[in-house]
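Undergrad: Sending over a structure as structure tokens; questions will come in a sec.
Numbering (full-length UniProt numbering), first residue to last: 1 to 231.
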């Protein structure tokens, strides 16, 4: 079963410096039918103006993934970490027992990110942060970017039985992603136009998948696809 969530149907707010769209209930946007998707709690589509960003604020017991679509984001936190994550790259923050951080766009143009929150399997663990480059040109099919699944050998680990993958497809190309029984997926084309098991999705639309064993994604146009696989 696939459910299309068109970009125009998402909640959100334009704060001037931040134009945010929410795939799930967040901040002042509340929709009881869109509270979460399995362990996936938040998928925000954020456009951040140059020279602005999120001042330092706290989090606790949440796995927070930032996928940079355009531009770059600069992170600082109460653990002493600082890093700049560029387009195509990923940063992961396990909030654990508590961490405060800021996220700023220090670039000369707007930055576009997906901010993805996944509910952890364990609470009260020490907080941590990490980032890793994933050049878009090196991706063949779906590439795992971050994972908490025990059999995945990957540097960016999360404390949840979940996996973040991405693919860059040229028009006419197809990639498949297999889901274990009982798993759900949520995918968003950051750019382009795709078809997923017969359902067409435009850039920034969401596709919620349940009771599907294989997701067959075909690019109608050159497309960048981000997918989360959750329990």
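The beta carbon of each residue, even a glycine, is placed where N, CA and C say it ideally should be.
Between residue 105 and the rest of its own chain, which residues show a CB-CB distance below 8 Å, the 5 nearest in sequence each way excluded?
TA: Residue mapping note: residue 105 aligns to position 105 of the chain shown, counting from 1. Closer than 8 Å at the Cβ level, and outside the excluded window around residue 105, lie 48, 49, 50, 51, 52, 53, 71, 72, 73, 74 and 111.
Undergrad: How long is the line joining the alpha carbons of residue 65 and residue 132, rounded to whole angstroms?
TA: Residue mapping note: residue 65 aligns to position 65 of the chain shown, counting from 1. Residue mapping note: residue 132 aligns to position 132 of the chain shown, counting from 1. Distance between the alpha carbons of residue 65 and residue 132: 12 Å.
Undergrad: Following the continuous beta strand (DSSP E) through residue 37, name the residue where it begins and the one where it ends.
TA: For this step, residue 37 is matched to residue 37 along the chain shown. Looking at the DSSP string, residue 37 is not in any beta strand (DSSP E), and its letter there is neither H nor E.
Undergrad: Below 8 Å, can you find three or more Cβ-Cβ pairs linking the stretch 83 to 95 to the stretch 36 to 48?
TA: Judged by Cβ distances under 8 Å, the stretch 83 to 95 makes no contact with the stretch 36 to 48, as fewer than three pairs qualify.
Undergrad: If you measure between the beta carbons of residue 232 and residue 138, is that distance less than 8 Å?
TA: With the chain covering 1 to 231 only, the question about residue 232 has no answer from this structure.
Undergrad: Give a yes or no on whether the C-beta atoms belonging to residue 219 and residue 192 are separated by under 8 Å.
TA: Within the chain shown, numbered from 1, the residue matching residue 219 stands at position 219. Within the chain shown, numbered from 1, the residue matching residue 192 stands at position 192. Their beta carbons are under 8 Å apart, which means residue 219 touches residue 192 by this criterion.
Undergrad: Kindly indicate which three-state DSSP category residue 147 falls into: helix, strand or coil?
TA: Taking the first residue of the chain shown as 1, we reach residue 147 at position 147. The answer is strand: DSSP assigns residue 147 an E or B state.
Undergrad: Go through the stretch 105 to 160 residue by residue and report every complete run of the beta strand (DSSP E) that reaches 3 residues or more, in order.
TA: Within the stretch 105 to 160, the complete beta strand (DSSP E) runs of at least 3 residues are 111 to 118, 128 to 132 and 143 to 147.
Undergrad: Applying the criterion that 16 or more other CB atoms from any shown protein chain within 10 Å of the CB defines a buried residue, is residue 63 buried or exposed?
TA: Counting from 1 along the chain shown, the entry for residue 63 is found at position 63. Residue 63 is buried by the Cβ-count criterion.
Undergrad: Given that a residue counts as buried once 16 or more other Cβ atoms are within 10 Å of its Cβ, and exposed if not, what is residue 223?
TA: Residue 223 sits at position 223 when you count from the first residue of the chain shown. So residue 223 counts as buried.
Undergrad: Going by the beta-carbon positions, is the gap between residue 233 and residue 114 smaller than 8 Å?
TA: The requested residue 233 does not occur in the structure, where the chain is confined to residues 1 to 231.
Undergrad: Look at the alpha carbon of residue 14 and the alpha carbon of residue 20, and state the distance between them as a whole number of angstroms.
TA: Walking along the chain shown from the start, residue 14 turns up at place 14. Walking along the chain shown from the start, residue 20 turns up at place 20. Residue 14 and residue 20: Cα-Cα distance of roughly 6 Å.
Undergrad: Please name the residue in 11, 18, 38 and 34 whose C-alpha comes closest to that of residue 28.
TA: Taking the first residue of the chain shown as 1, we reach residue 28 at position 28. It is 11 whose Cα lies nearest to the Cα of residue 28.
Undergrad: Does residue 223 come out as helix, strand or coil in the three-state DSSP assignment?
TA: Your numbering for residue 223 matches position 223 in the chain shown. Three-state result, residue 223: strand.
Undergrad: Does residue 78 come out as helix, strand or coil in the three-state DSSP assignment?
TA: Start at 1 with the first residue of the chain shown, and residue 78 comes out as number 78. Residue state, collapsed to three classes: coil.
Undergrad: Measure the C-alpha to C-alpha separation of residue 130 and residue 119 and round it to an integer number of angstroms.
TA: In the chain shown, counting from the first residue as 1, residue 130 sits at position 130. In the chain shown, counting from the first residue as 1, residue 119 sits at position 119. Distance between the alpha carbons of residue 130 and residue 119 is about 18 Å.
Undergrad: Got a sec, what are the start and stop residues for the beta strand (DSSP E) residue 57 sits in?
TA: In the chain shown, counting from the first residue as 1, residue 57 sits at position 57. Unbroken beta strand (DSSP E) run through residue 57: 52 to 59.
Undergrad: Which residues bound the beta strand (DSSP E) around residue 94?
TA: As a working mapping, residue 94 is identified with position 94 in the chain shown. Run containing residue 94: 90 to 94, per the beta strand (DSSP E) assignment.
Undergrad: With a Cβ-Cβ cutoff of 8 Å, do residue 134 and residue 88 count as a contact?
TA: By 1-based counting over the chain shown, the position of residue 134 is 134. By 1-based counting over the chain shown, the position of residue 88 is 88. Result yes, Cβ atoms of residue 134 and residue 88 sit closer than 8 Å.
Undergrad: Quick one: what does DSSP say residue 25 is sitting in, helix, strand or coil?
TA: For the purposes of this step, residue 25 is identified with residue 25 of the chain shown, where counting begins at 1. It is coil, neither helix nor strand.
Undergrad: Just grab the DSSP bridge partners of residue 9 for me.
TA: Position 9 of the chain shown, counted from the first residue, corresponds to residue 9. None; residue 9 has no bridge partner.
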